[in-house]
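All residue numbers for the sequence shown refer to my numbering, where the first residue is 8 and numbers rise by one.
Data block below; observations after.
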Amino acid sequence: MLGLTFALGGCAVGPDFQPPEAAVQDNWIEKGDKRVSNKEIKSEWWRTFRDPTLDRLVHAAAEQNLPVQIAGLRILEARAQLGIAIGQLFPQDQAGSGAATWNKISEQAANKANLPKHAFADYSIGFDATWEVDFWGRYRRGVEAADASMMRTIADYDNALVSLTAEVARTYVVIRTFEVLLEIARENVRLQEDGLQIAEARFRAGATSELDVAQQKALLQNTIASIPDLQTGLQQAKNALSVLLGQPPGGIDKLLRGARKIPSASPRVSVGVPAELLRRRPDIRAAEMNAAAESARIGIAESDLYPRFFLFGDIGVQASDLGKIFAPGSLFLTAGPSFRWSILNYGRIANNIRAQDARLQEALVNYQDVVIRAARESEDALIAFLKGQQRAAALQKSVEAARRAVELSFIQYREGAENFQRVLDAQTRLLDERNRLAETRSSIATNLVALYKALGGGWEIRKGKPIVPEVMQAGMMNRTDWGNLLPAQTPPAAADLPLPTPAGETPLLLPPDFEAAPMPPGRPAN
8 MLGLTFALGG
18 CAVGPDFQPP
28 EAAVQDNWIE
38 KGDKRVSNKE
48 IKSEWWRTFR
58 DPTLDRLVHA
68 AAEQNLPVQI
78 AGLRILEARA
88 QLGIAIGQLF
98 PQDQAGSGAA
108 TWNKISEQAA
118 NKANLPKHAF
128 ADYSIGFDAT
138 WEVDFWGRYR
148 RGVEAADASM
158 MRTIADYDNA
168 LVSLTAEVAR
178 TYVVIRTFEV
188 LLEIARENVR
198 LQEDGLQIAE
208 ARFRAGATSE
218 LDVAQQKALL
228 QNTIASIPDL
238 QTGLQQAKNA
248 LSVLLGQPPG
258 GIDKLLRGAR
268 KIPSASPRVS
278 VGVPAELLRR
288 RPDIRAAEMN
298 AAAESARIGI
308 AESDLYPRFF
318 LFGDIGVQAS
328 DLGKIFAPGS
338 LFLTAGPSFR
348 WSILNYGRIA
358 NNIRAQDARL
368 QEALVNYQDV
378 VIRAARESED
388 ALIAFLKGQQ
398 RAAALQKSVE
408 AARRAVELSF
418 IQYREGAENF
428 QRVLDAQTRL
438 LDERNRLAET
448 RSSIATNLVA
458 LYKALGGGWE
468 IRKGKPIVPE
478 VMQAGMMNRT
488 DWGNLLPAQT
498 PPAAADLPLP
508 TPAGETPLLL
518 PPDFEAAPMP
528 PGRPAN
């Protein structure tokens, strides 16, 4: 049947898609840094933090996140749409029909004298079909567009996983950062309470004025006042994590059991080479597939310039007596070819082609923009990660010096060698430096997360898992006949999918699952 389809078809009009080109640098700007390696990035990059709690959260989110499930369902929708496009290659209209009518002719009709009777019954059963021969490749281009659109949904699904894993890790870092900042604030409260006791003791002894006591109380209360804001930020971050896990806010404290410290990773990082972004980043692949679909739609638009050829047929039986409907002589038959050609279209077809060509060019430029932005995101995150380490090292020394300054200022104040302003300044400086160090360590972790996201890491977590939860699949199969599209297996990576290929070169098949080989093709060869 497919052989006949292509035998009756001619060339597919419109351009054959060529993968777009985009400028990619040969290496990273920071290639000379010893901490940067061109080895391929790890698929489960979050394990570089060596935090079992983070590992559990990422895997739980990948299984439960609702937007990811929506992205998986869009793959199923695109597969069904591809099946519709393939179906257009076959007779587009075929239907059985039947009727039982009673008819009465007006006695005042002009030709009543020529009619044997004015009232009669009519019974008919028939079958009719219409097949538009895909001579110009209109429907084959439609298959190509649907094929590319389906591959784009797979890339979008992978991109959702990349974003999810990064957002879970980033939110987890934020939670741990708030916990560390809270602990710093509470430790400073205890330290400042000790300072208040010293100031009060010296005031009672007449060694200083009440001003020292009032100043220390003000510093203490200011630190205490910062704690509710930190607690608010912590709870909001936990609420955000709950949503990422597909749960209502609250009830995730058990999942967060573990050391309350900011995750840290090795100072070295494997980033591959910039050219790998073109295949690793799902959003780049999605942009490429979007351009492929728009290219195919030009052919669909151009086919309207040419005549459309049809084969039609109508066969059945008809009689005025139901008992004679299958009697000899009741058969009727109509068959033949036809064509339709839009001639006076007033430029509508040409302008539709131009509009579609503009959409293709938009998609090509968008592809280049996505590639450039991907390179920028990677470079930004890489330099921030590397320089953050240097900042943290300097701040660590600053914290140690500030802590020693507090100790010395207390000793000297207790002995009357220094005024209380030095004590206040030292305590304030220590709090600021500890907060800056914690925030810098947090930014190092979040910049590493941003780097792995920019490199397109994280979608590999779905390997071996269904794109739609099994419970959801069961509900869908109970509601609708999904045929061989469910159970939905894991699709291949977008980077592993072939570009739409000429239908004359690859069998036109709708595989029963995502891991069955040949993917449906897109167009015939010219």
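We put the CB at the ideal spot given by N, CA and C, even for glycine.
Exposure label - residue i; buried when at least 16 CB within 10 Å
{"i": "glycine 105", "result": "exposed"}
{"i": "leucine 492", "result": "buried"}
{"i": "glycine 343", "result": "exposed"}
{"i": "valine 478", "result": "exposed"}
{"i": "aspartate 236", "result": "exposed"}
{"i": "tryptophan 143", "result": "buried"}
{"i": "glutamine 199", "result": "buried"}
{"i": "lysine 460", "result": "buried"}
{"i": "proline 26", "result": "exposed"}
{"i": "arginine 197", "result": "exposed"}
{"i": "asparagine 297", "result": "buried"}
{"i": "glutamate 407", "result": "exposed"}
{"i": "serine 50", "result": "exposed"}
{"i": "glutamine 223", "result": "buried"}
{"i": "glutamate 422", "result": "exposed"}
{"i": "serine 113", "result": "exposed"}
{"i": "asparagine 195", "result": "buried"}
{"i": "glutamine 397", "result": "exposed"}
{"i": "isoleucine 360", "result": "buried"}
{"i": "lysine 245", "result": "buried"}
{"i": "arginine 264", "result": "exposed"}
{"i": "proline 59", "result": "exposed"}
Per DSSP, the bridge partner or partners of residue i
{"i": "threonine 568", "result": "The requested residue 568 is not part of the displayed model; the chain covers only 8 to 533."}
{"i": "tyrosine 459", "result": "DSSP output for tyrosine 459 lists no bridge partner at all."}
{"i": "threonine 137", "result": "Asp100, Phe319"}
{"i": "asparagine 110", "result": "Phe127"}
{"i": "glycine 105", "result": "Ile132"}
{"i": "alanine 326", "result": "Tyr130"}
{"i": "serine 44", "result": "Ser277"}
Straight-line gap, residue i to residue j (C-alpha atoms, nearest Å)
{"i": "isoleucine 161", "j": "glycine 79", "result": "8 angstroms"}
{"i": "arginine 383", "j": "threonine 435", "result": "38 angstroms"}
{"i": "asparagine 72", "j": "leucine 61", "result": "15 angstroms"}
{"i": "tyrosine 130", "j": "serine 345", "result": "28 angstroms"}
{"i": "leucine 284", "j": "serine 450", "result": "24 angstroms"}
{"i": "alanine 37", "j": "serine 44", "result": "According to the sequence displayed, residue 37 carries glutamate and not alanine. The alpha-carbon atoms of glutamate 37 and serine 44 are separated by roughly 10 angstroms."}
{"i": "valine 75", "j": "glutamine 254", "result": "14 angstroms"}
{"i": "arginine 275", "j": "leucine 462", "result": "15 angstroms"}
{"i": "alanine 167", "j": "glutamate 28", "result": "25 angstroms"}
{"i": "isoleucine 291", "j": "alanine 303", "result": "19 angstroms"}
{"i": "glutamine 419", "j": "alanine 412", "result": "10 angstroms"}
{"i": "valine 378", "j": "serine 170", "result": "17 angstroms"}
{"i": "serine 535", "j": "glycine 258", "result": "Residue 535 lies beyond the stretch modelled for the chain, which goes from 8 to 533, so this question has no answer here."}
{"i": "phenylalanine 24", "j": "glutamate 47", "result": "30 angstroms"}
{"i": "leucine 96", "j": "leucine 83", "result": "21 angstroms"}
{"i": "proline 256", "j": "valine 280", "result": "40 angstroms"}
{"i": "alanine 381", "j": "glutamine 99", "result": "44 angstroms"}
{"i": "phenylalanine 317", "j": "tyrosine 146", "result": "13 angstroms"}
{"i": "serine 405", "j": "arginine 366", "result": "56 angstroms"}
{"i": "serine 233", "j": "glutamine 242", "result": "15 angstroms"}
{"i": "glutamate 295", "j": "glutamate 369", "result": "12 angstroms"}
{"i": "alanine 128", "j": "serine 337", "result": "14 angstroms"}
{"i": "alanine 2", "j": "glycine 133", "result": "The first residue shown for the chain is 8 and the last is 533, placing residue 2 beyond what the model contains."}
{"i": "leucine 252", "j": "alanine 69", "result": "8 angstroms"}
{"i": "tryptophan 109", "j": "isoleucine 322", "result": "22 angstroms"}
{"i": "leucine 262", "j": "valine 65", "result": "11 angstroms"}
{"i": "arginine 183", "j": "proline 270", "result": "8 angstroms"}
{"i": "phenylalanine 185", "j": "serine 416", "result": "29 angstroms"}
{"i": "phenylalanine 333", "j": "alanine 326", "result": "8 angstroms"}
{"i": "valine 4", "j": "leucine 340", "result": "No statement about residue 4 is possible, as the shown extent of the chain runs from 8 to 533 and does not include it."}
{"i": "alanine 495", "j": "valine 475", "result": "7 angstroms"}
{"i": "cysteine 18", "j": "glutamate 151", "result": "14 angstroms"}
Inter-residue CB distance, residue i and residue j (contact presumed, cutoff 8 angstroms)
{"i": "arginine 315", "j": "arginine 347", "result": "5 angstroms"}
{"i": "glycine 490", "j": "isoleucine 305", "result": "Between isoleucine 305 and glycine 490 the Cβ distance is about 32 angstroms, and since that is not below 8 angstroms, they are no contact."}
{"i": "glutamate 386", "j": "tryptophan 35", "result": "7 angstroms"}
{"i": "alanine 272", "j": "arginine 159", "result": "In fact, because the Cβ distance is near 33 angstroms, the residues do not count as touching under 8 angstroms."}
{"i": "alanine 176", "j": "valine 456", "result": "5 angstroms"}
Chain C contact for residue i (CB, 8 angstroms cutoff)
{"i": "arginine 86", "result": "This model lacks chain C altogether; it includes just one protein chain."}
- Message: At 4 residues or longer, what runs of the alpha helix (DSSP H) sit wholly inside the region 250 to 300?
- Response: 284 to 287
- Any alpha helix (DSSP H) of 4 or more consecutive residues that is wholly inside the region 138 to 216: 145 to 211
- At what residue ranges does the region 328 to 401 contain a whole run of the beta strand (DSSP E), taking only runs of 3 or more? 338 to 347
- Segments assigned alpha helix (DSSP H), at least 4 residues, entirely inside the region 410 to 484: 427 to 461
- Task: Let me know the beta strand (DSSP E) ranges lying completely inside the region 220 to 245, each 3 residues or longer, listed in chain order.
- Result: none
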